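Listed in order, the protein sequences are those of chains A and B. The letter at position 119 of the first sequence is residue 560 when you use this note's numbering, and the numbering goes up by one with no holes. The letter at position 6 of the second sequence is residue 447 when you use this note's numbering, and the numbering goes up by one with no holes. A quick write-up on the structure given underneath.
Protein chains: 2
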Amino acid sequence: MAESAEDPFDNWTVQARKGVLELCILNALERQERYGYELVKTLGALPGLGVTEGTIYPLLSRLRAQGLVTTRLEQSVEGPMRKYYALTPTGRASVGPMNGYISDLLSACREIRRRPSSHDHLDPLR
Amino acid sequence: MAESAEDPFDNWTVQARKGVLELCILNALERQERYGYELVKTLGALPGLGVTEGTIYPLLSRLRAQGLVTTRLEQSVEGPMRKYYALTPTGRASVGPMNGYISDLLSACREIRRRPSSHDHLDPLR
DNA sequence: GTCTGGTACCTTGCATAACAAGGTACTGAT
DNA sequence: ATCAGTACCTTGTTATGCAAGGTACCAGAC
C-alpha cells in the first residue's frame, strides 16, 4: 500500500482530462457517427490522452442518459455487434457552447498571468 | 431531495475546471506572489470561473504539500494576517509543461473533429 | 475440437477534485 | 455592542477518470 502519492504531474493530467474528454467525444461525433471501440482506439492513440475502455464506455452511457447522443446497434462482419453513437439535436447544440467555454477558460488562464493585481492592494508595510 | 440531476452543462463546467484551475493559480503566481483571499477575489471575478474559498484554499494547501509553492505570513494593516504564496523552483518548472499539456489536449480535441476514421473500417454492409 | 488473439461491449472499486456550507478570528465604523 | 469586511480553514456531497476484471463473438492455428 501507500503507493498513493504518484508523480504529481501524472496525477494532475488525470484531472485535466475531465471535461475535455467528454468534449473530445462530442467533437468526434459531430461529423459522423462512430462506435465505442472505434472511439477507444482513436482517442487512446492521441498523445497525452492514453484513455482506455474503462473511461470511454461509462462516459458514453452518461452522454446517452443526458440525451446528448443516441445509439444504434449494427452487425459487423468481423466480430460482435457494434454500438454506433450519434449526436442528438440537443447534443449538437451543446458542442459549440462547450468548445467556447473551454476556450474562454484557457484564455482567462493565460491572461491572468499578466494581471498585476485585481484591487491594487496598498503595498504592505514598507 | 432528488435534486441531483442539475443542468448537464453546469455539471460539466464543474468538471472542466478541474486541473485548469490549478494551472490558473500557478500562472497567477508566476510573476508575483499573492495571498489567498486575493486569489479568491481575482479568480472569482473571472467570467465562467465563479470560484469560491472552499475551492481555492484546499487547492493551495495541495500545491504546498506537493512542493510547488511556499507560503509566508505577513501582517496586514486592515485585517487578519495574509498568507502569501510564491512559486518554488519546482513549481516554476512545472508551469510550462502544464500549459503545454493543456494546449496540446485542446488541439487534439479540435483536430479529432475532422478525422474521417482512424482505421478506415470496411464500410459495414451496403 | 480447442486454443489463442483480436474485436466489441460492460461493470466494480478506488483516488481525486470542485463546491456549498459552515466555522474562526481580526479590524474599523455605526 | 453589533455589524460588515477582511482573511483563513475544514467537512460532506457529488462527479469523474481509470485500472482491473468480466462477457461474448469470430477467425485461424494446432
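Just so it is clear, CB atoms sit at the ideal spot from N, CA and C, and this is done for glycine as well. Quick caveat: nothing in here was measured; it's all calculated off a predicted structure.
Of all residues in the segment 457-472 of chain A, the ones placed with a Cβ closer than 8 Å to any Cβ belonging to chain B are A457, R458, K459, G460, V461, E463, L464, C465, N468, A469, E471 and R472, in chain order.
For L500/B and S544/B, the gap between their C-alpha atoms comes out near 22 Å.
By the neighbour-count criterion, in which a residue is buried when 16 or more other Cβ atoms sit within 10 angstroms of its Cβ, A486/A is exposed. Secondary structure of R513/B (DSSP, three-state): strand.
It is roughly 8 Å from the alpha-carbon of A469/A to the alpha-carbon of R555/B.
DSSP places L528/B in the uninterrupted beta strand (DSSP E) bounded by R523 to L528. Below the 9 Å Cβ cutoff, chain B contributes no neighbours of R505/A, its closest Cβ being approximately 12 Å away. DSSP places R505/B within a helical segment (H, G or I) once states are collapsed to three. In summary, the residues of the segment 475-495 of chain A whose CB is separated from some CB of chain B by less than 8 Å are R475, E479, K482, T483, L484, A486, L487, P488, G489 and L490, in the order they occur in the chain.
Using a Cβ distance threshold of 7 Å, Y525/A and Y478/A do not count as a contacting pair.
Annotation: R551/A to L484/A spans about 26 Å, alpha carbon to alpha carbon. As computed with DSSP, R475/A is found in a beta bridge with Y526/A.
Of all residues in the segment 528-554 of chain B, the ones placed with a Cβ closer than 8 Å to any Cβ belonging to chain A are S535, P538, M539, N540, Y542, I543, S544, D545, L546, L547, A549, C550, R551, I553 and R554, in chain order.
For T454/A, the uninterrupted alpha helix (DSSP H) segment begins and ends at P449 to R458.
V481/A places its beta carbon less than 7 Å from that of E494/A. A direct Cα-to-Cα measurement between G460/A and Q516/A gives close to 31 Å.
When rounded, the separation of the alpha-carbon atoms in D448/B and Y498/A is 22 Å. The beta carbon of P449/B falls within 7 Å of a beta carbon belonging to chain A, placing the residue at that interface. A straight line joining the alpha-carbon of L467/B with that of P521/A spans about 47 Å. At the C-beta level, G489/A and L546/B come within 7 Å of one another.
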